[in-house]
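Novice: The following block contains the structure, expressed as structure tokens.
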Amino acid sequence: MSLPMEKFALRRVFYFSKLVIMASFMATLYILHSIRGCLFSRVAKSIGYLAMFSVSLHMMQLVARGYFDFNGLSPLYQFSVMVINIMAFMVIAIYSIKLMIKTKFDSYKELVK
232 MSLPMEKFAL RRVFYFSKLV IMASFMATLY ILHSIRGCLF SRVAKSIGYL AMFSVSLHMM
292 QLVARGYFDF NGLSPLYQFS VMVINIMAFM VIAIYSIKLM IKTKFDSYKE LVK
């Protein structure tokens with residue numbers, strides 16, 4: 232934020248960098264699944280869809296605030312990003328808990344045999 236640039240250029244850099252980070256995350260998700268040759272799980276699809284929605288929100292903010300200096304969408308943007316992050320956390324947490332329970336249950340079944 233301390234770059235010697237005008238306010239609008241800094242906004243453009245900020246929102247564009249957020250957009251690039253999310254797009255690279257989506258590309259990495261796809262490439263790693265392609266390299267391994269595995270199908271997308273429900274969790275990977277959910278996170279991918281959330282990332283696509285996040286990219287569209289960042290693009291919307293880039294255009295609205297970076298080019299038109301329109302701040303009317305900021306409350307919607309902030310709320311939506313918060314909800315997306317909470318949903319992504321919940322998807323990953325639920326998957327981790329289910330995997331942990333399944334692993335414990337499978338190890339218990341091995342002990343009982």
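Per my numbering, numbering of the sequence shown is gapless, rising by one per residue and ending at 344. Ideal Cβ placement from N, Cα and C applies to all residues, glycine included.
1) Please confirm whether Q292 and Y308 have their CB atoms less than 8 Å apart.
2) Is it buried or exposed, R267, if we count other Cβ atoms within 10 angstroms and call 16 or more buried?
3) Would R273 be called buried (16 or more neighbouring beta carbons within 10 Å of its own) or exposed?
4) Is it true that the CB of A254 sits closer than 8 Å to the CB of V286?
5) For a test of the three-state rule: what should DSSP assign to S272, helix, strand or coil?
Specialist: This is what the structure holds:
1) Working through the sequence shown from its first residue, we reach residue 292 at position 61. Working through the sequence shown from its first residue, we reach residue 308 at position 77. Taking 8 Å as the Cβ cut-off, Q292 and Y308 qualify as a contacting pair.
2) Here the question's residue 267 lines up with position 36 in the sequence shown. So R267 counts as exposed.
3) In the sequence shown, counting from the first residue as 1, residue 273 sits at position 42. So R273 ends up on the exposed side.
4) As a position in the sequence shown, residue 286 is number 55, starting the count at 1. As a position in the sequence shown, residue 254 is number 23, starting the count at 1. Result yes, Cβ atoms of V286 and A254 sit closer than 8 Å.
5) As a position in the sequence shown, residue 272 is number 41, starting the count at 1. Residue state, collapsed to three classes: coil.
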